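Trainee: Have a look at this one before I ask anything.
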Amino acid sequence: MNDIKEEVSFIEIKGLCKYYNKKNNHILKKSYLKAVNNFDISISKGEIFGLVGESGCGKSTLGKMIANIVQPTSGEIIFKGIKTGLLPQKEKQKTFRKIQIVFQDPYSSLNPKKKIGWILEEPLKIHYKLSQNERQKKVAEILKIVGLDNEYKDRFPGELSGGQRQRVCIAAALMLEPEVIIADESVSALDVSIQSQILNLLKELQCSKNLTYIFVSHDLNVVHYISDRIGVMYMGHLVEVGKAEEIYLSPAHPYTRALFSVIPSIESEQERKPVILEGEVSSVIEPVTGCPFEPRCKEALSVCKREFPNKTEISSGHYVFCHQAEKSYKT
Amino acid sequence: MTKLKIENLSVDIKNKNQKHKALDDINIEIESEKITALVGESGCGKSLLSLSIMGLLPEAASIAAGSIVFDNINLLQLREKEMDSIRGNKISMIFQEPMTALNPLMKVGEQIEEALLTHKKTPRKEVKEQVLDIMNRVGLSRVKQLYNDFPHQLSGGMKQRIVIAMALINKPELIIADEPTTALDVTIQYQILEMLRKLNQEMGSTLLLISHDLGVVNELCSNIAVMYAGKIVEEGSSESILKTPKHPYTQGLIKSVPRFSQKNQKLYSIPGMLAPLNKRTSQGCAFAKRCPDTLKECYIKSPDLREIDGRKVSCLRVGGDNE
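First to last, the protein sequences are chains A and B.
Residues in the first sequence are numbered from 1 upward in steps of one, following the numbering used here.
Residues in the second sequence are numbered from 1001 upward in steps of one, following the numbering used here.
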């Protein structure tokens, strides 16, 4: 019974919001930057969930909230049935060590003055009471998993290549035996040849350790390749979510369609009609009552300006937030 | 017609009193009014090559041999002042990061203006007109207002457009674009690429695009040169190279891009890594250690760039008797 429940909602996110206070000249008038707004999603164990969107849409903020780096303004993150918001600090730390994050830039996320071994041991020192020997054994074990030789523990980050550093970052995330890894643009800074190594490594780890990934990226080819499901974000809102193939081949939201029509591809055989988005992302600070995409949407109706669209299920597991979801899916 | 011809170019980099060959005997011809791409891993020397053309090499680097001929002028023999009159005027460059390429304390309109006034004496009245015109052409809207904005007030895509406007204002004959869209989102990337394509057609300028994104290269370029460890390893039309790559490095590079049909399959990755400068040897093929298919000779003899089936490849296994 318990097992089934765990499968259904391993991580459940309900109405998650993050507002940042904006500096304002008016003392009485407060304005907020709504980085993430009312975000709902449930992710099952062993799944790779891809998150795409333009820069500034809040995908990194969402990832950081799930990893407990940023505190949400409101909403809940339910991890394995535990409401993490209500936990006391110590318990919270214990829960969130099962969720680790791998950052974008392997050059700036490693301390340049510490040896790799020290960097990898640090999380163990904080979370567990282990002897030096045990820690070193663990470091050797994890280094082997990410495909690095044990002698690397005595090197400095500066002596490693980009791909090796990203392996170290992944190793550091694996030290605490996490169940969830949030990969925040983890392969974006790498060359194609190294990118494929890291993608393979992430996939292998998913199989061998039954890891769950939240894979944040703006490279749509990569996201499609690795993800089981894809969520598309626009201005802090989830606008569409569904199976990777379905989102890639038959996107329903006008924003998703525009996004996926302009992917540069080395397979140019498939004819595509690029949809060019006019204008830029409007300011996240201004209050929006209707659909956030309305100002740039070519198919907008008058209702789009007034009301926020409801969640519509257009096929099994494929949800769209658009007033014209049904219509656009068919065409 | 050839716009730019680089012959036997070698560039040395000095590090701890040791000289390393960062560019090794580069030969490349860039055809006029076409878009040529330069592809390769980071550290292979793509950016160094573009800086050599611009005459902007860092202090540690020096040109050891060769020539860069642009419109029958050898750029390497020019004096600094003569080079100044070409740089930004006839040859201009679009840099990778728009955030760092702009002066944060100067209005963006004035920065574009500066590029114009440095090279062309223009009456005060026309200056602003021309600046606003080029800003319109690179797809910016509300240009009069934007003219007085500072870089931090603009989004990434707008900043990149300003950088491009600066490069284009003097109607250069050759534009070198060093990863112009790497820092941008796909939607904006598409707009910028379309714009570059349009400008190339309208203004008839030649474009050298440096990129590691093969998708972008496929969309935009007609010719491709692939670089590895400071050498050109394969060169030809983009269709022939992307569809039937001959050099094992190009093959590996193309195979490692995730494709739509490859979902749930293991991606190919080239084993090993690009050797750092101080560990490169001149003996044998530079790619031999990572090559899936080597001969004994590959470790001894370094291959020349030879013409085979309308393209150039430098591999002992291709085109010879060993194929």
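We put the beta carbon where it would ideally sit given N, CA and C, even for glycine.
Every value quoted in this text rests on a predicted model; they were computed, and no experiment measured them.
Whole beta strand (DSSP E) runs in the stretch 1010-1091 of chain B with 3 or more residues, listed along the chain?
Mentor: Counting whole runs of 3 or more residues, the stretch 1010-1091 of chain B contains the beta strand (DSSP E) stretches 1018-1031, 1035-1039 and 1061-1070.
Trainee: Counting only the same chain and skipping the five closest in sequence on each side, list residues whose C-beta sits under 8 Å from that of lysine 115 of chain A.
Mentor: Around lysine 115 of chain A: Lys153, Asp154, Arg155 and Phe156.
Trainee: Considering only residues of the same chain and omitting the five flanking positions on each side of valine 1189 of chain B, which have a CB-CB separation below 8 Å?
Mentor: Note that residue 1189 of chain B is glutamine in the sequence shown, not valine. Correct list, in chain order: Thr1181 and Val1216.
Trainee: Just how far apart, CA to CA, sit alanine 1288 of chain B and methionine 1083 of chain B?
Mentor: Alanine 1288 of chain B and methionine 1083 of chain B: Cα-Cα distance of roughly 39 Å.
Trainee: Output yes if chain B places a C-beta closer than 8 Å to the C-beta of histidine 224 of chain A; else output no.
Mentor: So yes, histidine 224 of chain A belongs to the interface.
Trainee: When the distance is taken between beta carbons, is proline 178 of chain A closer than 8 Å to glutamine 100 of chain A?
Mentor: Cβ atoms of glutamine 100 of chain A and proline 178 of chain A: closer than 8 Å.
Trainee: Specify, as a first and last residue, the run of the alpha helix (DSSP H) that valine 1186 of chain B falls within.
Mentor: Element bounds for valine 1186 of chain B: 1186-1203.
Trainee: Identify, in the order they occur along the chain, each residue of the same chain with its Cβ nearer than 7 Å to the Cβ of glycine 163 of chain A, setting aside the five sequence neighbours on each side.
Mentor: So the list reads Leu190, Ile194, Gln197 and Ile198, once near-sequence residues are dropped.
Trainee: Where DSSP assigns a beta bridge to arginine 1311 of chain B, which residues make up the other side?
Mentor: Beta-bridge pairing links arginine 1311 of chain B to B/Ile1308.
Trainee: I need the straight-line Cα distance from valine 180 of chain A to histidine 127 of chain A, nearest angstrom please.
Mentor: So the two alpha carbons sit approximately 17 Å from each other.
Trainee: Short of 7 Å Cβ to Cβ, which residues in the stretch 1273-1296 of chain B face chain A?
Mentor: So the close ones are Met1273.
Trainee: I need the boundaries of the beta strand (DSSP E) containing threonine 1206 of chain B, first residue and last residue.
Mentor: It spans 1206-1211 - the beta strand (DSSP E) in which threonine 1206 of chain B sits, taken as one unbroken run.
Trainee: Determine the DSSP secondary structure at aspartate 1133 of chain B, reduced to helix, strand or coil.
Mentor: Helix, per DSSP.
Trainee: Give every residue of the same chain whose Cβ lies closer than 8 Å to the Cβ of glutamate 1113 of chain B, excluding the five residues on either side of it in the sequence, and list them in chain order.
Mentor: Here the set comprises Val1127, Lys1128 and Val1131.
Trainee: Could you list which residues in chain B have their beta carbon closer than 7 Å to that of glutamine 197 of chain A, in chain order?
Mentor: What glutamine 197 of chain A touches in chain B: Ser1269.
Trainee: Classify phenylalanine 79 of chain A as helix, strand or coil using the three-state DSSP reduction.
Mentor: DSSP places phenylalanine 79 of chain A in strand when its eight states are reduced to three.
Trainee: Alpha carbon to alpha carbon, how far is tyrosine 213 of chain A from aspartate 40 of chain A? Give it in angstroms, no decimals.
Mentor: Each residue's Cα considered, the two are about 17 Å apart.
Trainee: In terms of residues, what are the limits of the alpha helix (DSSP H) holding phenylalanine 96 of chain A?
Mentor: 89-96 is the extent of the alpha helix (DSSP H) around phenylalanine 96 of chain A.
Trainee: Just how far apart, CA to CA, sit cysteine 1298 of chain B and serine 1050 of chain B?
Mentor: The straight-line gap from Cα to Cα measures roughly 29 Å.
Trainee: Which of the three DSSP states, helix, strand or coil, is assigned to arginine 229 of chain A?
Mentor: Correct three-state label for arginine 229 of chain A: strand.
Trainee: Measuring CB to CB, does leucine 1199 of chain B end up less than 8 Å from leucine 1168 of chain B?
Mentor: Their beta carbons are under 8 Å apart, which means leucine 1199 of chain B touches leucine 1168 of chain B by this criterion.
Trainee: Check whether the Cβ of serine 131 of chain A lies closer than 8 Å to any Cβ atom in chain B.
Mentor: Not an interface residue.
Trainee: Are any of the Cβ atoms in chain B nearer than 8 Å to that of asparagine 210 of chain A?
Mentor: Answer no: the Cβ-Cβ gap between asparagine 210 of chain A and chain B never drops below 8 Å.
Trainee: Check the Cβ-Cβ distances between isoleucine 362 of chain A and every residue of chain B, and say whether any is below 8 Å.
Mentor: For chain A, the structure presents residues 1 to 331; residue 362 of chain A sits outside this window and is missing.
Trainee: Determine the chain B residues that contact histidine 358 of chain A at a beta-carbon separation under 8 Å, and present them in chain order.
Mentor: Examination of residue 358 of chain A is not possible in this model, given that chain A is present from 1 through 331 alone.
Trainee: Residues of chain B with a CB under 9 Å from the CB of aspartate 105 of chain A: which are they?
Mentor: Neighbours of aspartate 105 of chain A on chain B: none; closest Cβ ~12 Å, over 9 Å.
Trainee: Looking at chain A, is there any beta carbon in it that lies within less than 8 Å of the beta carbon of asparagine 1223 of chain B?
Mentor: No, asparagine 1223 of chain B lies away from the interface with chain A (no Cβ there is under 8 Å from its Cβ).
Trainee: I need the straight-line Cα distance from serine 1047 of chain B to phenylalanine 96 of chain A, nearest angstrom please.
Mentor: Distance between the alpha carbons of serine 1047 of chain B and phenylalanine 96 of chain A: 42 Å.
Trainee: Name the chain A residues that come within less than 9 Å of glutamine 1096 of chain B, Cβ to Cβ?
Mentor: Those within 9 Å of glutamine 1096 of chain B in chain A number zero; the least Cβ separation is about 13 Å.
Trainee: Could you say which of A/Tyr319, A/Gly290, A/Leu143 and A/Glu294 lies nearest to glutamate 307 of chain A if we only look at CA atoms?
Mentor: Ranking the options by Cα distance to glutamate 307 of chain A, first place goes to A/Gly290.
Trainee: Output the residue ranges of the beta strand (DSSP E) runs that lie fully inside the stretch 26-80 of chain A and measure 3 residues or longer, sorted by chain position.
Mentor: Correct list: 31-43, 48-52 and 74-79.
Trainee: Between which residues of its own chain and glycine 1043 of chain B is the CB-CB distance below 6 Å, once the five residues before and five after are set aside?
Mentor: Only Leu1274 meet the Cβ criterion.
Trainee: Using DSSP with H/G/I as helix, E/B as strand and the rest coil, what is histidine 237 of chain A?
Mentor: In the structure shown, histidine 237 of chain A sits in a strand (DSSP, three-state: E or B).
Trainee: Which of the three DSSP states is assigned to histidine 323 of chain A in this structure?
Mentor: If DSSP states are grouped into helix, strand and coil, histidine 323 of chain A belongs with coil.
Trainee: Counting only Cβ pairs nearer than 8 Å, list the residues of chain B close to aspartate 191 of chain A.
Mentor: In chain order: Glu1041, Ser1042 and His1212.
Trainee: Could you tell me which chain B residues have their CB closer than 7 Å to the CB of alanine 172 of chain A, listed as they occur along the chain?
Mentor: By Cβ distance, chain B contributes nothing, its closest Cβ being about 20 Å from alanine 172 of chain A, past 7 Å.
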